[in-house]
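Colleague: Respectively, the protein sequence lines represent chains A and B.
So in our numbering, spot 159 of the first sequence is number 159, and the numbers just go up one at a time.
So in our numbering, spot 171 of the second sequence is number 171, and the numbers just go up one at a time.
In this text, a Cβ means the ideal position worked out from N, Cα and C, and glycines have one as well.
Mind looking over this structure? Questions follow.
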Amino acid sequence: MRISLIFVLVALSGCMNLDANLLDPGDKITSYQMAAYTGDVDFHLDSSYALPMTDVHVFTLQSQGVGETSPTTIYAAYLGDTSRISKDTVIVYCHGHHHMDFYYPRAQLLANVGGKERYGVMMLDYRGFGLSSGTPTEEGLYADVDAAVSWLKSRGLTGDRFVLYGFSLGCAPATYTAANPRTLRAQKLILESPFASTTSITDDATHLNLPASAVTTLKLDNAQQIKSVTQPFFWMHGIDDSFLNINTNGEVVYRNYHGSYKEAHRIPGADHSTVPQTWGFQNYSTALLQFITR
Amino acid sequence: MTKCALLLLPLLVACAPTRFVEPVPKEHINVTVALGGPLFDFANTTIPMPLSSVAAGYGLTDQTTLFAGLHTTALLFKDLQLDLGGLKEVLRQDHLAPGMSISPVANVFLAMRDGSFRVWPEVDVNAYWHYGKSGNMIYLTSGNWFELSSTRADGEPQQDHWIANVGLGHRFEGANWEYTTELKYLALGIANTPNAVGYHGIGGNGTFGIYLAFTRKF
Numbered sequence: 001m002r003i004s005l006i007f008v009l010v011a012l013s014g015c016m017n018l019d020a021n022l023l024d025p026g027d028k029i030t031s032y033q034m035a036a037y038t039g040d041v042d043f044h045l046d047s048s049y050a051l052p053m054t055d056v057h058v059f060t061l062q063s064q065g066v067g068e069t070s071p072t073t074i075y076a077a078y079l080g081d082t083s084r085i086s087k088d089t090v091i092v093y094c095h096g097h098h099h100m101d102f103y104y105p106r107a108q109l110l111a112n113v114g115g116k117e118r119y120g121v122m123m124l125d126y127r128g129f130g131l132s133s134g135t136p137t138e139e140g141l142y143a144d145v146d147a148a149v150s151w152l153k154s155r156g157l158t159g160d161r162f163v164l165y166g167f168s169l170g171c172a173p174a175t176y177t178a179a180n181p182r183t184l185r186a187q188k189l190i191l192e193s194p195f196a197s198t199t200s201i202t203d204d205a206t207h208l209n210l211p212a213s214a215v216t217t218l219k220l221d222n223a224q225q226i227k228s229v230t231q232p233f234f235w236m237h238g239i240d241d242s243f244l245n246i247n248t249n250g251e252v253v254y255r256n257y258h259g260s261y262k263e264a265h266r267i268p269g270a271d272h273s274t275v276p277q278t279w280g281f282q283n284y285s286t287a288l289l290q291f292i293t294r
Numbered sequence: 001m002t003k004c005a006l007l008l009l010p011l012l013v014a015c016a017p018t019r020f021v022e023p024v025p026k027e028h029i030n031v032t033v034a035l036g037g038p039l040f041d042f043a044n045t046t047i048p049m050p051l052s053s054v055a056a057g058y059g060l061t062d063q064t065t066l067f068a069g070l071h072t073t074a075l076l077f078k079d080l081q082l083d084l085g086g087l088k089e090v091l092r093q094d095h096l097a098p099g100m101s102i103s104p105v106a107n108v109f110l111a112m113r114d115g116s117f118r119v120w121p122e123v124d125v126n127a128y129w130h131y132g133k134s135g136n137m138i139y140l141t142s143g144n145w146f147e148l149s150s151t152r153a154d155g156e157p158q159q160d161h162w163i164a165n166v167g168l169g170h171r172f173e174g175a176n177w178e179y180t181t182e183l184k185y186l187a188l189g190i191a192n193t194p195n196a197v198g199y200h201g202i203g204g205n206g207t208f209g210i211y212l213a214f215t216r217k218f
């Protein structure tokens, strides 16, 4: 009886966690459509933001994380003239859940900051997202962003023209890469609607001081990583974010930054995914331009 | 991130129905299997979290019960979560005047992944009425969890030190079995948004929870 009970307890123990839920890649696609994508997106831009399709490049990269024995094939997209990577400033956009088609309007908006294609924009689908192969992992997020940075560096990008931008889940690889550069040190960091850590999400959900290790092996610790970021930092967050409490997430990340320069934009009326459209595309673009060029 | 992505991130205060409302008779043992949890959004619908637990209570006297509960869903997440407590009857039911009991509980939590350990004290106060020849019972319960830590995630100040729940339950009484249904209102007065989990409360506060419990009497 005692042995049976122990067996049942051991058998029940430890076979579940929320890692897959926290790194949920969202819906599946069969091909990349970019501007022609007709599925749900956060917002649509009018035709004045359109980019020549010759300047939208979708391609694959090989990404190999620390401790991995073989590379994973992931998809990336570059918006802009690839021959100018050695001269242009490039924004590496680390998106949230979903895939690059979903985020194309956001990347397109960035490609219009300061004028059409003033900045090149690179985005990628982390492993397991979109058409990228593999399974999402925390190390995979970091390795995949670094693979994109390596590709840019091999085409002449230098650190002084490299800006990292993270949105929601993408704030984790953006912040980590700014704090722990593997290939190239970013010049500036932009975060939109960041979470503080998996512990913060857990505590918000339970109202208790519950360790994140209760439900996940992931750290995704922006609140800690931001302490190692010294580059200039731009933070924006919707005051009415119904998903991530601005006070227990974005404000914590902003407060924990102790680098050379920081600016905060708390957007009234904006929810988790509606900062650009609620702020206004023009205001959003102007603020980003001022930060990048300062 | 999407709300439905965060399945099974429960309010811990909602992991189980009220364990024992009235004392177990002296030297008797009751064993309970419970299922249910707070209502939340999942896959475009609203369901109670499928949290499960087992508990056993022993009648130390006719007025005092000791009990222990094990949260089996937590085990699936590699967490050892126990509730260890006692129940004392302070008033016996007298016609329409309800029986009353008080139940101090220690909610013990060990995350086996990294050894993180927590204890949350809890005090429940219950009022109950048996009715009819069958001895079925209706009860009201007030559960009170206390977060003693002064900090929460990322070293930030802990905002919620008292988490109150109220519940209405009904117990069908059989010769050897009891069947209990309970409706709780959890985290009374605490905003349920912003939150990664889509809870369902009133006026943006708390959330409802639904529970079933099956008890074998020995």
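I'd like the span of the alpha helix (DSSP H) that includes M178/B, first residue to last.
Modeller: Counting from 1 along the second sequence, the entry for residue 178/B is found at position 178. Strictly speaking, residue 178/B in this sequence is Glu, with Met absent from that position. It is not in any alpha helix (DSSP H) - E178/B instead sits in the beta strand (DSSP E) that spans 177-191.
Colleague: Cβ of V215/A within 8 Å of Cβ of G259/A?
Modeller: The sequence position of residue 215/A within the first sequence is 215, counting from 1. The sequence position of residue 259/A within the first sequence is 259, counting from 1. No.
Colleague: So, do the stretch 37-55 of chain A and the stretch 93-102 of chain A have three or more beta carbon pairs nearer to each other than 8 Å?
Modeller: Touching, per the Cβ criterion.
Colleague: Excluding the five sequence neighbours on either side, which residues of its own chain have a C-beta within less than 6 Å of the C-beta of D24/A, listed in chain order?
Modeller: Start at 1 with the first residue of the first sequence, and residue 24/A comes out as number 24. Same-chain partners within the cutoff: H97.
Colleague: Can you tell which of T151/B, A127/B, E22/B has its C-alpha closest to the C-alpha of K88/B?
Modeller: The residue given as residue 88/B occupies position 88 in the second sequence. Checked all of T151/B, A127/B, E22/B; the closest Cα to K88/B is E22/B.
Colleague: Which chain A residues are close to Q197/B, counting only those with a beta carbon under 7 Å from its beta carbon?
Modeller: Sequence index remark: in the second sequence, residue 197/B carries index 197 (1-based). One detail in the question is off: residue 197/B reads as Val in this sequence, not Gln. Within 7 Å Cβ-Cβ: A205.
Colleague: Which chain A residues sit within Cβ distance under 7 Å of F77/B?
Modeller: Mapped onto the second sequence, residue 77/B falls at position 77. Those are M16, N17, A214, V215, listed as they occur along chain A.
Colleague: Cα separation between T89/A and G120/A?
Modeller: Locating residue 89/A in the first sequence gives position 89, counting from the first residue. Locating residue 120/A in the first sequence gives position 120, counting from the first residue. So the two alpha carbons sit approximately 6 Å from each other.
Colleague: Tell me whether A34/B is buried or exposed, calling it buried when 16 or more other Cβ atoms sit within 10 Å of its Cβ.
Modeller: Within the second sequence, numbered from 1, the residue matching residue 34/B stands at position 34. Its Cβ being crowded by 16 or more others within 10 Å, A34/B is buried.
Colleague: Quick test of your reading: F281/A and L157/A, contact by CB under 8 Å. State the CB separation rounded to the nearest angstrom.
Modeller: In the first sequence, counting from the first residue as 1, residue 281/A sits at position 281. In the first sequence, counting from the first residue as 1, residue 157/A sits at position 157. Contact flag wrong, Cβ pair sits at about 26 Å.
Colleague: Just the Cα atoms here: how many angstroms apart are L7/B and T202/A?
Modeller: Here residue 7/B is taken as the residue at index 7 of the second sequence, counted from 1. Here residue 202/A is taken as the residue at index 202 of the first sequence, counted from 1. With a pLDDT of 46 at L7/B, under the threshold of 50, the modelled position of that residue is not reliable, and no figure is offered here.
Colleague: Would you identify the three-state DSSP class for P195/B, choosing helix, strand or coil?
Modeller: Mapped onto the second sequence, residue 195/B falls at position 195. Correcting the residue type first, residue 195/B is Asn in the shown sequence and not Pro. N195/B falls in the coil class under three-state DSSP.
Colleague: Would you check if the distance between the CB atom of G238/A and the CB atom of I226/A is smaller than 8 Å?
Modeller: Mapped onto the first sequence, residue 238/A falls at position 238. Mapped onto the first sequence, residue 226/A falls at position 226. No, they are not a contact pair.
Colleague: Near S134/B, which residues of its chain fall below 6 Å by C-beta distance, leaving aside the five closest residues on each side in sequence?
Modeller: The residue given as residue 134/B occupies position 134 in the second sequence. Contacts found: E173.
Colleague: Less than 8 Å separating the beta-carbons of D62/B and G198/B?
Modeller: The residue given as residue 62/B occupies position 62 in the second sequence. The residue given as residue 198/B occupies position 198 in the second sequence. No; because the gap between Cβ atoms is not below 8 Å, this pair is not in contact.
Colleague: Quick one: residues in its chain with C-beta nearer than 6 Å to the C-beta of Y284/A, no 5 flanking neighbours on either side, listed in chain order?
Modeller: Stepping through the first sequence from its first residue, residue 284/A is reached at position 284. Correct list, in chain order: P276.
Colleague: Residues of the stretch 102-130 of chain B in Cβ contact with chain A at a cutoff of 8 Å, in chain order, please.
Modeller: The residues in question are F109, A111, M112, R113, D114, S116, R118, W120.
Colleague: Is V113/A helix, strand or coil when you go by DSSP?
Modeller: As a first step, residue 113/A is located in the first sequence; it is residue number 113 there, counting from the start. V113/A: coil per DSSP, three-state reduction.
Colleague: Ignoring anything shorter than 4 residues, give me the alpha helix (DSSP H) runs that lie fully in the stretch 187-257 of chain A, in order along the chain.
Modeller: Counting only runs of 4 or more, we get 198-206, 222-225, 250-256.
Colleague: Measuring alpha carbon to alpha carbon, tell me which residue in S63/A, L210/A, G80/A, T278/A is nearest V113/A.
Modeller: Locating residue 113/A in the first sequence gives position 113, where the first residue counts as 1. Comparing Cα-Cα distances from V113/A to each of S63/A, L210/A, G80/A, T278/A, the minimum goes to G80/A.
Colleague: Give every residue of the same chain whose Cβ lies closer than 8 Å to the Cβ of F208/B, excluding the five residues on either side of it in the sequence, and list them in chain order.
Modeller: Residue 208/B sits at position 208 when you count from the first residue of the second sequence. Closer than 8 Å at the Cβ level, and outside the excluded window around F208/B, lie P38, L39, L183, K184, Y185, L186, H200, G201.
Colleague: In angstroms with no decimal places, state the Cα-to-Cα distance between L9/A and R255/A.
Modeller: As a first step, residue 9/A must be located in the first sequence, where it is residue number 9. As a first step, residue 255/A must be located in the first sequence, where it is residue number 255. Reliability fails at L9/A, whose pLDDT of 42 lies under 50, so the model's placement of it is uncertain and no value is given.
Colleague: List the endpoints of the continuous alpha helix (DSSP H) containing S154/A.
Modeller: Reading the first sequence from its first residue, position 154 is the one you call residue 154/A. Per DSSP, S154/A belongs to the alpha helix (DSSP H) from 138-154.
Colleague: Using C-beta distances below 6 Å, list every residue in its chain close to L12/A, excluding the 5 sequence neighbours before and after it, in chain order.
Modeller: Locating residue 12/A in the first sequence gives position 12, where the first residue counts as 1. The pLDDT assigned to L12/A is 45, lower than 50, so where the model puts this residue is not dependable; a value taken from the coordinates is nonetheless given after this. Taken in chain order, the list of residues that qualify is empty.
Colleague: Quick one: which unbroken beta strand (DSSP E) runs of 3-plus residues sit fully inside the stretch 48-110 of chain A? Chain order, please.
Modeller: 56-63, 72-79, 90-94, all fully within the stretch 48-110 of chain A.
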